[in-house]
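Numbering (this note's numbering), first residue to last: 541 to 1144. All C-beta atoms in this analysis are idealised placements derived from N, C-alpha and C, irrespective of residue type, glycine included. For reference, the structure discussed in these notes is given below.
See the structure below:
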């Protein structure tokens, strides 16, 4: 696979730092606007899948850079669905080291621009450090941060790239592909330059000073962070009446809270919140995971008005087969505490659940009409449209094929149980046909629908396995010869502790189990979001299981591996996967592999 690099006819000579210091106008400065697609997560754990960049000066494009990248790790199903980048597309792509080195040659010493720059540039910096590359990202500009300063409060609903691109009438729509998003960011950058010009910003040093402004409220409240702990914990900004305004978490509470009073914090709602806050309350935690869980629970309880995420973490949508002679898929609202045994999900909204129900019904021949049908329909019962079209066996009429409809129900039941093989095979065949017929929009729509179903199936079986595992005791190294130890009961964190390098880790684990919430007395309710956090932590490569009541297993047909590549689809087995990596057991199921106690010393 070759990288795509195009250069215009204009000179590509770069300005030196001395020239920039001499107040060179922005029109003479070379910028490289870059966007990355990744496997998701922090730069220390995730990988780059695509790099796209546009080099500009004085409003003119000097060149473009685009390449797919082999991240040397799995791409989660929801990331594949969002970007359209699959492992098969990256088979011949350059490595991260090769791609970043080539991008460095393209960028040179130009100023790097990205939307939410700390994230994208964090990946580039991590790659340069990891592979000892001679090029390293230098000066940079964050268009998201610039927009928060340059635009009036309420002018846009948020400063996401898609929102700004639409607001500024960008000819390119961000589509979660690197070059397209870089082009959209370039348009946004130029429109923002027009805005800041009215504030007297004409040079790079002017722009840096403009972006780095600290509000009066931020400056006046810096003392709130002075006496806070430096370890992991949950912090809460509180108003004069003691009501929580905003709840957050960090591995270093003092450092994180201090950042709210610096130029790095440019979110309008956070600046407003800081102006109202009177104090910061902290709940110290033993581990970062405990802090994340406590933050999630606190947000659910207090519903602070300046938090946007996790405020409805206890409410989810599910699909169920209705309890009637001719079942159909219906969407139901539930809490994770009720984790419906007959439900399949969770979905992020009722609309997404209904769309999935419509897709599964159309693929299996299940009815979508809403009347509750009698066991024996009346002779005069009208046939619905899907029955007329032959899309279902018409159980709504006396002449309907009841056996054929029962087969449709069984197909849906297999899908809900985790067997997506037939669905995925049929989907791949149809997508190939669409592609050969150059019906690319239909192929993309089908891909997106299948990705949603595959992602939900994988999530459902992961969470079900965690819930059914009972009590799980596990530990992860803290990077300083110590251990973070957690006790999980049916998907709820019930105890956490930290064992330093001088502590007896096994004794600390036993003490954590002793002090854990009593299953019969303590609350065992949880949320889908909490279970997802715990499942993600348990699946981390460094985590070691100390004890588990029931093996964690889910069908091999249920996950994104089935959907990703032809090789994966060809490499099927009828086994289930049992949770674990490295020292953790992995083997066939159903239930033949028991995850027994592992010694913490095994991880060394």
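The stretch 773–790 makes no contact with the stretch 719–733, as fewer than three CB pairs between them are under 8 Å. Taking each of 866, 688 and 856 in turn and checking the Cα distance to residue 872, the smallest one comes out for 856. For a cut-off of 8 Å, the C-beta gap from residue 765 to residue 841 is around 24 Å, too long to register as a contact. The closest CA to that of residue 861, considering only 665, 595, 1020 and 894, is found on 894. Per the C-alpha coordinates, the member of 589, 1018 and 963 positioned closest to residue 634 is 589.
DSSP places residue 985 inside the alpha helix (DSSP H), whose first and last residues are 980–1008. Under the three-state reduction of DSSP output, residue 665 falls in the helix class. Excluding sequence positions up to five before and after residue 1071, its CB lies within less than 6 Å of the CB of 1003, 1006 and 1031, all in the same chain and listed in chain order.
In the three-state reduction of the DSSP assignment, residue 839 falls in the helix class, which pools H, G and I.
Cβ-Cβ distances below 7 Å link residue 622 to 716 in the same chain, with the five nearest sequence neighbours on each side left out; the list follows chain order. Secondary structure at residue 774: strand, using DSSP grouped into helix, strand and coil. Around the beta-carbon of residue 770, fewer than 16 other beta-carbon atoms lie within 10 Å, marking it exposed. Here the alpha carbons of residue 693 and residue 1027 stand approximately 45 Å from one another. The continuous stretches of alpha helix (DSSP H) do not include residue 675, and DSSP gives it neither H nor E. Judged by beta-carbon spacing, residue 655 lies within the 8 Å limit of residue 725, meaning their Cβ atoms are closer than that value. Residue 565 counts as exposed, since fewer than 16 other beta carbons sit within 10 angstroms of its beta carbon. Separation of the CB atoms of residue 591 and residue 607 is rounded to 6 Å, and the pair is thereby assigned contact status at 8 Å.
With 16 or more other Cβ atoms inside 10 Å of its own Cβ, residue 801 counts as buried. Scanning its chain for C-beta atoms nearer than 7 Å, with the 5 sequence neighbours on each side dropped, one finds around residue 1074 the residues 1006, 1028, 1031 and 1033, in chain order. If one requires a minimum length of 3 residues, the beta strand (DSSP E) runs lying completely within the stretch 792–829 are 819–824, in chain order. Below 8 Å, enough C-beta pairs join the stretch 702–715 and the stretch 728–735 to call them touching: three or more.
In the DSSP assignment, residue 726 falls within the alpha helix (DSSP H) that extends over 718–737. Out of 836, 1068 and 943, the CA that lies nearest to the CA of residue 849 is found in 836.
In the three-state reduction of the DSSP assignment, residue 569 falls in the coil class, being assigned neither a helical nor a strand state.
The beta carbons of residue 960 and residue 994 sit closer together than 8 Å.
In the DSSP assignment, residue 708 falls outside any alpha helix (DSSP H), carrying neither H nor E.
Between residue 1055 and residue 1049, the alpha-carbon positions lie close to 10 Å from each other. Beta-bridge pairing by DSSP links residue 1029 to 1011 and 1032.
If you compare the alpha carbons of 615, 807 and 844 with that of residue 752, the shortest gap goes to 807.
In terms of Cβ geometry, residue 603 and residue 595 form a close pair [threshold 8 Å].
Counting C-beta atoms within 10 angstroms of its own C-beta, residue 867 has 16 or more neighbours from the protein chains shown and is therefore classed as buried. Here the alpha carbon of residue 886 sits roughly 47 Å from the alpha carbon of residue 570. Taking all protein chains shown into account, residue 899 has 16 or more neighbouring C-beta atoms within 10 Å of its C-beta and is therefore buried.
Note: residue 574 is bridge-paired with 593 in the DSSP secondary-structure output. Taking the Cα positions, residue 783 is about 22 Å away from residue 759.
When rounded, the separation of the alpha-carbon atoms in residue 947 and residue 882 is 19 Å.
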